[in-house]
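Chains as they are written, first to last, in the working numbering: chain A, 1 to 92; chain B, 93 to 456.
C-beta atoms are modelled at their ideal positions from N, C-alpha and C, and glycine is treated no differently.
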Amino acid sequence: MCLAVPGRIVEILGGGGSAPALGPVATVDFQGSRVEVSLAMAPEAGIGQWVLVHAGFAIAVLDEDEARRTWEYLQAGGAGEMPEQLQAGGGK
Amino acid sequence: MSMAASKENLRQLVSALAEAAAGVGDMALMEICGTHTVCLFRSGIKSLMPGNVRLISGPGCPVCVTSCGYLDAACELAARKDVIIATYGDMVRVPGRTDSLEAARGRGAAVEVVYSARDAVKLARENPGRNVVFLAVGFETTTPATAAAVLEAEAAGLGNFFILPGHKVLMPALEALLSSDAAAIDGFLCPGHVSVILGWSAYRPIAQKYRKPCVVVGFEPANMLEGILRLIRQVAAGQAKVENAYSVAVTEAGNAPARAMIERVFEPAATQWRAMGSIPASGLALRGCYARFDARAKFRVEFGPDYEPPGCRCGEVIQGRIEPPSCGLFGVRCSPATPVGPCMVSSEGTCAAWYKYNLHRPGR
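Spelled out as structure tokens, the structure:
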């Protein structure tokens with residue numbers, strides 16, 4: 001349930017998107033699929049940086065090499081062996 | 093790192109581990125994160141441990157630690173025609189005393205699986221004629237998202253969004269565990285993403301007061317092996333320090349904005365854990381100014397007593413007191429297809445992991 005997945009910020013939309021109370025929103029690329037993510041808990045994150053995303057929120061800014069390693073592991077984990085929450089797009 | 097190099101790296105870690113453990117007495121290292129449980133099995137790490145190193149699972153699977161009384165309240169709410177339950181998927185199949193959300197859905201109840209608490213807010217926006225109740229469970233990784241959802245619902249003036257408060261706070265539970273059973277645990281593999289929020293300094297009391305080494309680890313096999321190696325070395329040297337093997341994501345102080353969001357919306361409260369009873373300050377209640385989002389007050393439901401199905405030993409499993417095969421139901425009446433207790437239902441449950449990766453491999 002506490003799984004988080006790394007993605008790369010490709011755009012910062014500013015404002016709060018659908019929730020103005022929650023600070024800036026970014027578009028984050030997860031190996032091709034793009035998701036709107038709140039930066040309320042990682043306000044220092046910038047375009048091009050990798051962030052760890054949990055339940056629609058960036059919770060940490062990551063080192064790029066580490067982010068790639070995590071992705072490789074998650075993908076090498078074998079589709080048949082992946083926990084369901086990953087296939088659903090990043091856990092909860 | 094190339095595949096070959098990373099394989100070589102893993103091999104080196106495994107032999108370093110055997111070396112570090114050689115000549116040291118038996119030790120039990122506890123992981124307290126459902127995702128770690130699954131990773132340790134899936135990667136094969138569990139089967140690579142030297143004979144004197146036992147990896148045990150603690151109360152880290154959010155679904156498994158949720159008391160039966162909470163599930164019963166959720167089922168009671170699901171039975172209402174004016175309510176839509178929004179929940180993380182793992183909760184759907186967990187049996188309450190007499191009912192489960194899955195069974196309720198089969199009878200026509202509206203039970204929606206969401207990826208985030210914010211999706212539950214969206215659901216409330218899209219269904220103005222009904223009340224959406226989000227099942228707010230999980231540890232510090234998931235709690236900030238719930239807090240944000242409450243703030244979002246407040247800002248949007250939504251009168252039909254509620255939560256059923258069931259969040260857990262990790263540290264008081266660890267202390268309760270150590271107070272009752274300290275001798276059985278020699279060190280902790282601390283959860284990576286909970287620690288992103290808490291910061292590694294949160295474990296200092298465990299190291300200082302209870303003299304148990306703590307190492308924060310991530311979710312890659314090499315990183316988990318490194319964490320285990322560091323734990324074994326501390327145990328062998330009689331040390332009790334907090335080490336951070338997941339420094340790419342975890343800092344000493346953690347994520348302050350996330351914790352501020354939790355503190356703005358919630359305050360510490362005693363909460364019921366499955367089989368562990370009520371632990372002071374181990375849960376979170378909505379602060380007075382957000383109390384109107386509490387589904388219990390709105391719909392007059394209460395959390396009933398905890399309950400375990402006859403013969404089910406999930407309560408001992410989540411405290412690391414027994415391993416699943418010691419339960420008489422395991423693999424006999426209880427399997428992922430016909431689960432009896434939450435540890436077999438949840439994809440992150442210890443029994444489910446044992447069943448999936450161990451049962452048919454005798455000799456482990």
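Practice problem: Determine which residues of the segment 338 to 351 of chain B have a Cβ less than 7 Å from any Cβ of chain A, and write them out in chain order. | Solution: Val340, Ala341, Asn347, Pro349, Ala350
Practice problem: At 8 Å on the CB atoms, spell out the chain A contacts of B/His285, in chain order. | Solution: Cys2, Leu3, Ala4, Leu52, His54, Ile59
Practice problem: Would you kindly check if the distance between the Cβ of B/Val409 and the Cβ of B/Ala435 is under 8 Å? | Solution: Looking at the sequence itself, residue 435 of chain B is Cys, so the reference to Ala does not match. A contact, by the Cβ cut-off of 8 Å.
Exercise. Give the range of the beta strand (DSSP E) segment to which B/Cys306 is assigned.
Key: Start and end: 306 to 308.
Practice problem: With DSSP collapsed to three states, give me the class of B/Glu267. | Solution: helix
Quiz item: Counting contacts by CB-CB distance shorter than 8 Å, is A/Leu13 in contact with chain B?
Solution: No, its Cβ sits nowhere closer than 8 Å to a Cβ of chain B.
Quiz item: When the Cα of B/Cys530 is compared with those of B/Gly420, B/Asn336, B/Gly258, B/Gly330, which residue comes out closest?
Solution: Here chain B covers residues 93 to 456 and nothing more, so residue 530 of chain B does not appear.
Self-check item: Listed by chain order, chain A residues near B/Leu250 by CB distance under 8 Å
Solution: Those do not exist, as B/Leu250 stays about 11 Å from chain A at its closest Cβ, beyond 8 Å.
Quiz item: Which same chain residues, not among the five before or five after B/Ala170, have their C-beta less than 8 Å away from its C-beta?
Solution: Ile177, Leu193, Ala196, Arg197, Ala201, Ala202, Val203, listed in sequence order.
Exercise. List in chain order: all unbroken alpha helix (DSSP H) runs of 4+ residues lying wholly within the segment 326 to 404 of chain B.
Key: 348 to 357, 387 to 391
Quiz item: Any beta-carbon of chain A closer than 8 Å to the one on B/Val288?
Solution: yes
Quiz item: Does the beta-carbon of B/Lys260 have 16 or more other beta-carbons within 10 angstroms, so that it is buried, or is it exposed?
Solution: buried
Quiz item: Are the beta-carbon atoms of B/Asp164 and B/Arg134 separated by less than 8 Å?
Solution: no
Quiz item: Shorter than 8 Å from the beta carbon of A/Gly7 to some beta carbon of chain B?
Solution: no
Quiz item: Could you give the distance in angstroms between the alpha-carbon of B/Glu123 and the alpha-carbon of B/Gly150?
Solution: Answer to the nearest angstrom: the Cα atoms are 6 Å apart.
Quiz item: Could one say the Cβ of A/Ala26 lies closer than 8 Å to chain B's Cβ atoms, at least one of them?
Solution: no
Quiz item: By Cβ distance below 7 Å, which residues in the same chain neighbour B/Leu102 in space, the five residues on each side in sequence not counted?
Solution: Pro313, Ala314, Leu317
Quiz prompt | Between the CA atoms of B/Val157 and B/Met368 - distance to the nearest angstrom | solution = 9 Å
Quiz prompt | Simplified DSSP state of A/Glu81, which is helix, strand or coil | solution = Only weak support exists for where A/Glu81 lies, its pLDDT of 34 falling under 50; the value from the coordinates is given anyway. DSSP places A/Glu81 in the helix class (H, G or I) of the three-state scheme.
Self-check item: Burial state of B/Glu100, where buried means 16 or more other Cβ atoms lie within 10 Å
Solution: exposed
Quiz item: Nearest CA to the CA of B/Asp182: which residue from B/Gly230, B/Gly407, B/Met119, B/Gly221?
Solution: B/Gly230
Quiz prompt | Close Cβ partners of B/His285 (< 6 Å) along its chain, the five nearest in sequence each way excluded | solution = Thr233
Exercise. Using beta-carbon positions only, say whether A/Leu13 and B/Leu243 come within less than 8 Å of one another.
Key: no
Exercise. Reducing DSSP to helix, strand and coil, say where B/Arg185 ends up.
Key: coil
Exercise. From the DSSP output, in three-state form, read off B/Asn219 for me.
Key: coil
Quiz item: Tell me the DSSP bridge mates of A/Ala26?
Solution: DSSP output for A/Ala26 lists A/Ile12, A/Val37 as bridge partner(s).
Quiz item: Hey, quick one: how far does the beta strand (DSSP E) through B/Ile289 stretch, first residue to last?
Solution: Segment 284 to 290 is the alpha helix (DSSP H) holding B/Ile289; no beta strand (DSSP E) there.
Quiz item: How about B/Leu281: is its C-beta nearer than 8 Å to some C-beta of chain A?
Solution: no
Quiz item: What is the DSSP secondary structure of A/Ile59, reduced to helix, strand or coil?
Solution: A/Ile59: strand per DSSP, three-state reduction.
Practice problem: Would you please verify whether the beta carbon of A/Arg69 is less than 8 Å from any beta carbon of chain B? | Solution: yes
Quiz item: Looking at C-beta atoms only, is the number of pairs between the segment 412 to 428 of chain B and the segment 443 to 450 of chain B that lie closer than 8 Å three or more?
Solution: Flag = yes, the segment 412 to 428 of chain B and the segment 443 to 450 of chain B touch.
Quiz item: Do A/Ala58 and A/Val37 come within 8 Å of each other at the CB atom, strictly closer than that value?
Solution: yes
Exercise. Mark B/Lys304 as exposed unless 16 or more other C-beta atoms lie within 10 angstroms of its C-beta, in which case mark it buried.
Key: buried
Quiz item: Using CA coordinates, which residue listed in A/Ala45, A/Glu72, A/Asp65 is at the minimum distance from B/Asn347?
Solution: A/Ala45
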